[in-house]
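Residue numbers (the numbering used here): 13 to 430.
Reviewing the structure listed below.
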């Protein structure tokens, strides 16, 4: 390889990939084979931090930032004057192996602009994946993009070689697409998502017949939504996420605060990314996936956007004073999950512990409940520890708690809460 040329391309295409956040812990079980290198099994590969706190890395680049689309918000749009580059599949494969051998990375995250056409772009991605898997015998983690508008046959072929795929929706409504990305449509985005879901389901059925059934996107699919580029409400975004989890079996939805890197008549005049709004969406997304909430419970027509001062779970609890306080010794698991300060792990511990004895305040603390939050919403053996159940009083106390939490040491081993 011409390393000087590769280095120049790498500088351009790694910088161009920084706006894509749709990758994290893989869940892959692709094991090494005799004569191969790399191992995606049981290693918690992700591009930032693993569940146990390890920092792990992927080679995160674009195959090319040449793009036929002219999305108003994108730094790679065809009308934007910027340095362009294109990696060949062979160069990407060689670069991945070289970085892996030097212990720089544990896998590859490869995205791309739409080069000439969605099908031609996907064919180049397939060729890259085949070189890595079949010629280089690379068994590490690979995450690649499903390009909207690609023929389903090509999506299915690519899915045989990669651990995870992501098809980025980016804008949460058809109106937003029409305004800022008129060459994209909802259907062109959803079609490859459905194809990936179908392939995953077929592979699951085939595995019931034979443990040797070929893999297909074993770590699932993800997507990314840009927050703040269009006037869509938080409720619109959250309802879309809920529908995607249900209809195409997404592993994760990633939310990316809009970075005002481009200017244009249809783009918002932001001075900085709406990072707090992004944070609230991640909190609400957690409630959808693990806390048995629905999008319409978290936000409503009357209140379609998040309170920037309080987390979504606390806001729900304050809107429903008729539900609280809950007696911790009798409340169902479902209702325990709705108490601020009680997480999934601590709710399970409560349900297990109260089979043997009644739970007191001190016991609740030992079970991992964050009592500084939960005490306003529960009773222990009929006793209330929150001083007042008045929503306005509780709100003031929770706001004070939010302000001081940043200065407290992080509990890495507690039961978790929201």
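From the three backbone atoms N, C-alpha and C, an ideal C-beta is built for every residue, glycine too.
All of these numbers come straight from a predicted model, not from anything done at the bench.
1. Are the beta-carbon atoms belonging to residue 398 and residue 381 less than 8 Å from one another?
2. So what does DSSP say about residue 74, is it helix, strand or coil?
3. Rounded to the nearest angstrom, how far is the Cβ of residue 182 from that of residue 238, given a contact under 8 Å?
4. State yes or no: is the C-beta of residue 90 within less than 8 Å of the C-beta of residue 80?
5. Between residue 289 and residue 146, what straight-line distance do the alpha-carbon atoms span, to the nearest angstrom?
6. How many Å lie between residue 186 and residue 274 at the Cα?
7. Would you identify the three-state DSSP class for residue 181, choosing helix, strand or coil?
8. Shortest alpha-carbon distance to residue 320 belongs to which of 373, 92, 246?
9. Could you name the residues that DSSP lists as bridge partners for residue 462?
10. Note the first and the last residue of the continuous beta strand (DSSP E) segment covering residue 119.
11. Could you tell me how far apart the beta carbons of residue 285 and residue 265 are, in whole angstroms, since I believe they sit closer than 8 Å?
12. Would you mind giving the Cβ-Cβ distance between residue 337 and residue 390, rounded to the nearest angstrom? I have them listed as a contact below 8 Å.
13. Between residue 282 and residue 406, which are expected to be in contact by the criterion C-beta below 8 Å, what is the C-beta distance as a whole number of angstroms?
14. Is the region 142-159 touching the region 200-211 in the sense that three or more CB pairs, one from each, lie closer than 8 Å?
15. Please name the residue or residues paired with residue 176 in a DSSP beta bridge.
16. Could you please give the first and the last residue of the uninterrupted alpha helix (DSSP H) stretch that includes residue 257?
17. Applying the criterion that 16 or more other CB atoms from any shown protein chain within 10 Å of the CB defines a buried residue, is residue 377 buried or exposed?
18. By a C-beta neighbour count over all protein chains shown, 10 Å radius and 16 as the cutoff for buried, is residue 83 buried or exposed?
19. Counting only the same chain and skipping the five closest in sequence on each side, list residues whose C-beta sits under 6 Å from that of residue 60.
20. Just how far apart, CA to CA, sit residue 149 and residue 325?
21. Name, in chain order, the residues that DSSP records as bridge partners for residue 264.
22. Could you check which residue in 129, 368, 340, 400 has the C-alpha nearest to that of residue 200?
23. Note down the Cα distance separating residue 221 from residue 169, rounded to an integer number of angstroms.
24. What is the DSSP secondary structure of residue 396, counted as helix, strand or coil?
25. Return the residue from the list 74, 20, 85, 15 that minimises the CA-CA distance to residue 269.
26. Which residues bound the alpha helix (DSSP H) around residue 108?
27. Which term fits residue 255, buried or exposed, when burial requires 16 or more other beta carbons within 10 angstroms of its beta carbon?
28. From residue 295 to residue 287, what does the alpha carbon distance come to, in whole angstroms?
29. Please determine if the region 93-113 and the region 128-144 are in contact, where contact requires at least 3 C-beta pairs separated by less than 8 Å.
30. Secondary structure at residue 391, three-state DSSP: helix, strand or coil?
31. Could you pull out every unbroken alpha helix (DSSP H) segment of at least 4 residues lying fully inside the region 352-383, listed in chain order?
32. Grouping DSSP H, G and I as helix and E and B as strand, with all else coil, what is residue 161?
33. Roughly how many angstroms separate the alpha carbons of residue 299 and residue 18, rounded to a whole number?
34. Run through the DSSP bridge pairs and tell me what residue 339 is partnered with.
35. Taking the continuous alpha helix (DSSP H) assigned at residue 329, which residues delimit it?
36. Between the C-alpha atoms of residue 253 and residue 297, what's the straight-line distance to the nearest angstrom?
Looking at the coordinates:
1. Here the question's residue 398 lines up with position 386 in the chain shown. Here the question's residue 381 lines up with position 369 in the chain shown. The answer is no: Cβ separation not under 8 Å.
2. Your numbering for residue 74 matches position 62 in the chain shown. The answer is strand: DSSP assigns residue 74 an E or B state.
3. The residue you call residue 182 lines up with position 170 of the chain shown. The residue you call residue 238 lines up with position 226 of the chain shown. Correct: roughly 5 Å between the Cβ atoms.
4. For this step, residue 90 is matched to residue 78 along the chain shown. For this step, residue 80 is matched to residue 68 along the chain shown. Their beta carbons are under 8 Å apart, which means residue 90 touches residue 80 by this criterion.
5. Within the chain shown, residue 289 is the residue found at index 277, counting from 1. Within the chain shown, residue 146 is the residue found at index 134, counting from 1. If you take the alpha carbons of residue 289 and residue 146, they lie about 43 Å apart.
6. What you label residue 186 is simply residue 174 of the chain shown in a count that begins at 1. What you label residue 274 is simply residue 262 of the chain shown in a count that begins at 1. Distance between the alpha carbons of residue 186 and residue 274 is about 21 Å.
7. Indexing the chain shown from 1 puts residue 181 at position 169. It is coil, neither helix nor strand.
8. For this step, residue 320 is matched to residue 308 along the chain shown. Among 373, 92, 246, the Cα nearest to that of residue 320 belongs to 246.
9. The structure shown has nothing for residue 462, since the chain only spans 13 to 430.
10. Reading the chain shown from its first residue, position 107 is the one you call residue 119. Its beta strand (DSSP E) spans residues 119-123.
11. Walking along the chain shown from the start, residue 285 turns up at place 273. Walking along the chain shown from the start, residue 265 turns up at place 253. 18 Å between Cβ atoms; not a contact.
12. Your numbering for residue 337 matches position 325 in the chain shown. Your numbering for residue 390 matches position 378 in the chain shown. Between residue 390 and residue 337 the Cβ distance is about 5 Å, and since that is below 8 Å, they are a contact.
13. One-based indexing of the chain shown puts residue 282 at position 270. One-based indexing of the chain shown puts residue 406 at position 394. Not confirmed; about 33 Å, so no contact.
14. yes
15. Counting from one through the chain shown, the residue named residue 176 turns up at place 164. In the DSSP output, where bridge partners are listed per residue, residue 176 has 155.
16. In the chain shown, counting from the first residue as 1, residue 257 sits at position 245. 246-259 is the extent of the alpha helix (DSSP H) around residue 257.
17. Locating residue 377 in the chain shown gives position 365, counting from the first residue. Counting Cβ neighbours within 10 Å, residue 377 comes out exposed, since fewer than 16 surround it.
18. Counting from 1 along the chain shown, the entry for residue 83 is found at position 71. Buried, since its Cβ has 16 or more Cβ neighbours within 10 Å.
19. As a first step, residue 60 is located in the chain shown; it is residue number 48 there, counting from the start. Residue confidence is low: residue 60 scores 43 on pLDDT, short of 50, so the model does not pin down where it sits. Its coordinate-derived value is still stated next. Hits under 6 Å: none found.
20. Start at 1 with the first residue of the chain shown, and residue 149 comes out as number 137. Start at 1 with the first residue of the chain shown, and residue 325 comes out as number 313. If you take the alpha carbons of residue 149 and residue 325, they lie about 47 Å apart.
21. Position 252 of the chain shown holds residue 264. According to DSSP, which records beta bridges pairwise, residue 264 is partnered with 234.
22. Looking up residue 200 in the chain shown gives position 188. Comparing Cα positions, the closest option is 129.
23. Within the chain shown, numbered from 1, the residue matching residue 221 stands at position 209. Within the chain shown, numbered from 1, the residue matching residue 169 stands at position 157. Approximately 21 Å between the Cα atoms of the pair.
24. Position 384 of the chain shown holds residue 396. Correct three-state label for residue 396: strand.
25. Looking up residue 269 in the chain shown gives position 257. Ranking the options by Cα distance to residue 269, first place goes to 85.
26. Along the chain shown, one-based indexing puts residue 108 at 96. Residues 101-113.
27. If you number the chain shown from 1, residue 255 lands on position 243. Result: exposed.
28. To locate residue 295, count along the chain shown from 1; it is residue 283. To locate residue 287, count along the chain shown from 1; it is residue 275. Cα-Cα distance, rounded: 13 Å.
29. yes
30. In the chain shown, counting from the first residue as 1, residue 391 sits at position 379. Residue state, collapsed to three classes: strand.
31. 356-365, 373-378
32. Walking along the chain shown from the start, residue 161 turns up at place 149. Note: residue 161 maps to coil in three-state DSSP.
33. Here residue 299 refers to the residue found at position 287 when the chain shown is read from its first residue. Here residue 18 refers to the residue found at position 6 when the chain shown is read from its first residue. So the two alpha carbons sit approximately 44 Å from each other.
34. As a position in the chain shown, residue 339 is number 327, starting the count at 1. DSSP, once it has assigned bridges, lists 391 as partnering residue 339.
35. Position 317 of the chain shown, counted from the first residue, corresponds to residue 329. Looking at the DSSP string, the run of the alpha helix (DSSP H) that includes residue 329 is 324-331.
36. Taking the first residue of the chain shown as position 1, residue 253 is located at position 241. Taking the first residue of the chain shown as position 1, residue 297 is located at position 285. The straight-line gap from Cα to Cα measures roughly 8 Å.
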